[in-house]
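K.L.:
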Amino acid sequence: MEKDKNIDKNNIIDDVTNSEYKHGFVTDIETDIIPVGLNEDIIRLISQKKGEPEWLLNFRLRAFEYWKTMPLPDWAHLNIPEIDFQAISYYAAPKTKDAPKSLDEVDPEIIKTFDKLGIPLEERMHLAGVAVDAVMDSVSVRTTYREKLAELGVIFCSFNEAVKEYPDLVKKYLGSVVGYRDNFYAALNSAVFSDGSFVYIPKGVRCPMELSTYFRINAMGTGQFERTLIVADEESYVSYLEGCTAPMRDENQLHAAIVEIVVNDRAEVKYSTVQNWYPGDKEGRGGVYNFVTKRGICRESAKLSWTQVETGSAITWKYPSCILAGDNSIGEFYSVAVTNNHQQADTGTKMIHLGKNTKSTIVSKGISAGKSQNSYRGLVRVAPNADGARNYTQCDSLLLSDECGAHTFPYVDVKNKSAVVEHEATTSKINEEQIFYCNQRGIPTEEAVALIVNGYAKEVMNKLPMEFAVEAQKLLQVSLEGSVG
Amino acid sequence: MLQVKDLHANIGEKEILKGVNLTVKPGEVHAIMGPNGSGKSTLASVLAGNPVFTVTGGSVTFCGKELLELSPEDRSHEGLFLSFQYPVEIPGVSMVNFMRAAVNEQRKYRGEEPLSATDFLRIMREKREIVELDNKLASRSVNEGFSGGEKKRNEIFQMAMLQPKLSILDETDSGLDIDALRVVAGGVNKLKTEQNATIVITHYQRLLDYIAPDYVHVLYKGRIVKSGGPELALELEEKGYDWIKRELGE
């Protein structure tokens, strides 16, 4: 039994320090450095440009070596066009060069959405990728914000800054939850990650405000291979918001991010995401491929809640997970995933019960419209020593058209007899009678659908921080426009 | 206010309404009675614009407009209200949000500003007293977990909020005990004015004891086959529908 548990842990938490790596190998630097492609030189170049310490370069190189041996995963219920990893530029900021000069050059569909969401002009320009960095006033906002946090000892900065200013913390926790051997895209990210966010909440501190990437402007230009590391020390609390509710114009086709969260004894972390990357047009052309690895580890009596509202991306591949390592720890996953037109989503969670009396709750609400495919994929694993583990899973699908698909792939792997694992699933089609009832009261069909869908997703929406929830509601409406005919 | 002329309607291939004629003027209460399957609920649904039914002939004017050319929501905005026989549940949507959406859509149609939250809640409080709905209603989801009586009271509450010109009550009495019936009928009567009109669809005289009709019509096999005053309802209650069938030579 003990052996099983160790194997479990080894599979899940890849210990970076144990793995082999080559020191000081010689590189043939080609005279012609190409902007696209992936090889050791490129990785050394990325690391060098960032002025990274050697240990981080070595981390990247080990990840790259491993990545080269890995096959592309094909188990998801997704139809993924072939991706040429050598045709991608892994460094430099190509976006500023190609960025539109003004809002006139931005896709009018995106502008329409901005109107509906009521996004202020400055933010619009920023979200649409218009090069206006210097004009924006957010720098001062950001500074006051950071000063206030610093008083409490809270660290909230870009990943690159953290590497320079808090190398010990980064070194200690980087790759401790999502090892580079974890999966294909995690290995890729570990090799080439560009930037991201770093959060540290000291022992006993309750972070007084929601930390949000929204405020951290520089995260925007580095979305492609983002890396987030959140460490909540003992008895601390933080609520972290990722993303924003307007569609971000992004030329990058491939996104492979990693989010690692360490929740130490009796600490609590809430992580909320509203993902609205460009989903492609109505015919399914373009759009972001979003391959994300998100995972947190909970120590004794710690709690981690994931809340996500996913409406964007052409392809979403994402399973925010909790490793309930400590006794009495709690994991939660609340998700609304909306797919429309030709979007595909394969998303869910993993709850890995290792400690005793650990609890997990999964509430997944899928909404499919158009010709989209929406899958829930979840794993509940109870290790042999996890006495008294409990899981409750509720998995609902709502269909808005005759051409879309909703699929559920729940995996349950229980190795302890005292575990209680419950699973409930429903699939329903949006009800014509409900729509007519709304129509009869004067509510047009589009608004009626939004109302009904928001009602359906309410359980999850209620978990979002207040301001976020209001925007997320509007976003659902915008995402589903024209989907019921 | 309402002129229905030779109205024909199908569900799928099956003809349900086979030439209905009906005229309703402001201030009037019309009762439509008839045996099961005669087309009473279909008539209500067709007037409200339920897309399940296809109109195959005839015309309907409502306050000077061609009703059949309007979308269901615009019929509502123009002042037509249907109290459903089976009000649907909308899980997760609170009555407050639902009603606010409905009221503000109506205001938008009429070129009025949306109501402020305070004004809206005040009006909601006033109106729910008409049908004695308690204040927990506001936070509950539309019709979800409501008892039969609560659902019908909730219909009349919505009618009070939307202040329609013409209300069609589709078997509002079905499934109600006598106390609930009195409350619901009382609500309808409080909302009655000289400017609005009501069509009451029912099987039984019982409801008409509370909501006094000016005219009673018998709908049979998709046509109105007999019309009269309140005494017709009493006669039907006493004798059933067989004598009408005999009159029709069946």
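As they're listed, the protein sequences go chains A and B.
Numbering of the first sequence is given in the working numbering, commencing with residue -11 and proceeding in unit increments.
Numbering of the second sequence is given in the working numbering, commencing with residue 290 and proceeding in unit increments.
The beta carbon of each residue, even a glycine, is placed where N, CA and C say it ideally should be.
Since the model is a prediction, treat every value here as computed from it, not as a measurement.
#1: Would you mind giving the Cβ-Cβ distance between A/ASP315 and A/GLY343, rounded to the nearest angstrom? I have them listed as a contact below 8 angstroms.
#2: Quick one: list the residues of chain A neighbouring B/GLU362, beta-carbon separation under 7 angstroms, in chain order.
#3: Quick one: residues in its chain with C-beta nearer than 8 angstroms to the C-beta of A/ILE21, no 5 flanking neighbours on either side, listed in chain order?
#4: Would you identify the three-state DSSP class for A/ALA371, choosing helix, strand or coil?
#5: Evaluate A/VAL63 with the Cβ neighbour count: other Cβ atoms within 10 Å of its Cβ, from every protein chain shown; 16 or more gives buried, anything less gives exposed.
#6: When you compare each of A/LYS462, A/ASP334, A/ARG365 to A/VAL400 by their alpha carbons, which one comes out closest?
#7: Which same chain residues, not among the five before or five after A/PHE477, have their C-beta less than 7 angstroms away from its C-beta?
#8: Can you confirm whether the region 398 to 413 of chain A touches the region 421 to 433 of chain A when touching is taken to mean that 3 or more C-beta pairs between the two stretches lie within less than 8 angstroms?
#9: In chain order, what residues of the same chain lie with their CB nearer than 6 angstroms to the CB of A/ALA413, ignoring the 5 residues before and after it?
#10: Taking a contact to mean a Cβ-Cβ separation below 7 angstroms, would you say A/CYS426 touches A/ALA438 in this structure?
#11: Can A/ALA357 and A/ASN404 be called in contact, C-beta distance under 7 angstroms?
#12: Can you tell me whether B/PRO361 is buried or exposed, with buried defined as 16 or more other CB within 10 angstroms of its CB?
#13: Give the single residue among B/SER383, B/LYS441, B/GLY346, B/GLU394 whose Cα lies nearest to the Cα of B/VAL472.
#14: Can you tell me which residues form a DSSP beta bridge with B/SER405?
#15: Comparing the C-beta of B/PRO403 with each C-beta of chain A, is any distance below 7 angstroms?
#16: Per DSSP, which residues does B/MET413 bridge with? Please list them.
#17: For B/LEU451, collect the residues of the same chain with a Cβ closer than 8 angstroms to its Cβ; drop the 5 residues on either side in sequence, then sort them by chain order.
#18: Take the Cβ of B/ARG411 as the centre, count every other Cβ of all protein chains shown within 10 Å, and call the residue buried at 16 or more, exposed below.
#19: Count the other CB atoms within 10 Å of the CB of A/CYS392; is the residue buried (16 or more) or exposed (fewer)?
#20: Can you give the Cα-Cα distance for A/ALA302 and A/ILE189, rounded to whole angstroms?
#21: Alpha carbon to alpha carbon, what distance is there between B/PHE373 and B/VAL293?
#22: Compare the C-alpha of A/LYS291 against each of A/ARG283, A/LEU312, A/GLU135 and name the closest.
#23: Count the other CB atoms within 10 Å of the CB of A/THR5; is the residue buried (16 or more) or exposed (fewer)?
#24: State whether the region 328 to 347 of chain B contacts the region 525 to 533 of chain B, with contact taken as three or more CB pairs (one from each stretch) at a distance under 8 angstroms.
#25: For the alpha helix (DSSP H) that contains B/GLN494, what are its first and last residues?
#26: Are any of the Cβ atoms in chain B nearer than 7 angstroms to that of A/GLN422?
#27: Counting only beta-carbon atoms, is B/GLU460 nearer than 7 angstroms to chain A?
#28: Would you call B/PRO453 buried or exposed, if buried means 16 or more other Cβ atoms sit within 10 Å of its Cβ?
#29: Can you grab the Cα-Cα spacing for the pair A/ALA138 / A/TYR259, in whole Å?
#30: Whose Cβ in chain A lies nearer than 9 angstroms to the Cβ of B/PRO380?
#31: At the 7 angstroms Cβ level, is B/HIS319 part of the contact set with chain A, yes or no?
P.N.:
Straight from the coordinates:
#1: A/GLY343 and A/ASP315 do touch by the CB rule: their CB atoms are close to 4 angstroms apart, below 8 angstroms.
#2: Ordered by position in chain A, the residues that pass the 7 angstroms Cβ test against B/GLU362 are ASN427, GLY430, ILE431, PRO432.
#3: Residue placement at A/ILE21 is poorly supported in this model, since its pLDDT is 38, which falls under 50; the coordinates are not used for a value here.
#4: In this structure, A/ALA371 counts as coil in the three-state DSSP scheme.
#5: Correcting the residue identity first, residue 63 of chain A is Trp in this sequence and not Val. Burial call: exposed.
#6: The shortest C-alpha separation from A/VAL400 is found at A/ARG365.
#7: Here chain A covers residues -11 to 473 and nothing more, so residue 477 of chain A does not appear.
#8: The region 421 to 433 of chain A, when compared against the region 398 to 413 of chain A, does not touch it at the 8 angstroms Cβ threshold.
#9: Once the five neighbours on either side are set aside, the close Cβ partners of A/ALA413 are CYS383, THR396.
#10: Cβ distance not < 7 angstroms, so A/CYS426 and A/ALA438 don't count as in contact.
#11: With contacts defined as CB atoms closer than 7 angstroms, A/ALA357 and A/ASN404 fail to qualify as a contacting pair.
#12: Around the beta carbon of B/PRO361, 16 or more other beta carbons lie within 10 angstroms, which makes this residue buried.
#13: Selection B/SER383, B/LYS441, B/GLY346, B/GLU394 evaluated against B/VAL472 yields B/LYS441 as nearest (Cα-Cα).
#14: DSSP output for B/SER405 lists no bridge partner at all.
#15: No, B/PRO403 lies away from the interface with chain A (no Cβ there is under 7 angstroms from its Cβ).
#16: Under DSSP, B/MET413 shares a beta bridge with no residue.
#17: Taken in chain order, the residues that qualify are SER365, PHE370, ALA391, VAL392, GLN395.
#18: B/ARG411 is exposed by the Cβ-count criterion.
#19: Counting other Cβ atoms within 10 Å of its Cβ, A/CYS392 reaches 16 or more and is therefore classed as buried.
#20: Roughly 35 angstroms separates the two Cα atoms.
#21: So the alpha carbons of these two residues sit roughly 20 angstroms apart.
#22: Comparing alpha carbon positions, the residue from A/ARG283, A/LEU312, A/GLU135 closest to A/LYS291 is A/LEU312.
#23: Unreliable positioning characterises A/THR5 in this predicted model, as indicated by a pLDDT of 31, which lies under 50. The coordinate reading is nonetheless provided below. Flag for A/THR5 reads exposed.
#24: These segments do not touch.
#25: From DSSP, the alpha helix (DSSP H) with B/GLN494 extends over 494 to 497.
#26: A/GLN422 counts as touching chain B.
#27: No - not a single Cβ of chain A is within 7 angstroms of the one on B/GLU460.
#28: Under this definition B/PRO453 is a buried residue.
#29: Straight-line Cα distance between these residues: approximately 21 angstroms.
#30: Around B/PRO380, the beta-carbon contacts reaching into chain A at under 9 angstroms are ILE440, GLY443, TYR444, LYS446.
#31: It does not: the Cβ of B/HIS319 has no partner Cβ on chain A nearer than 7 angstroms.
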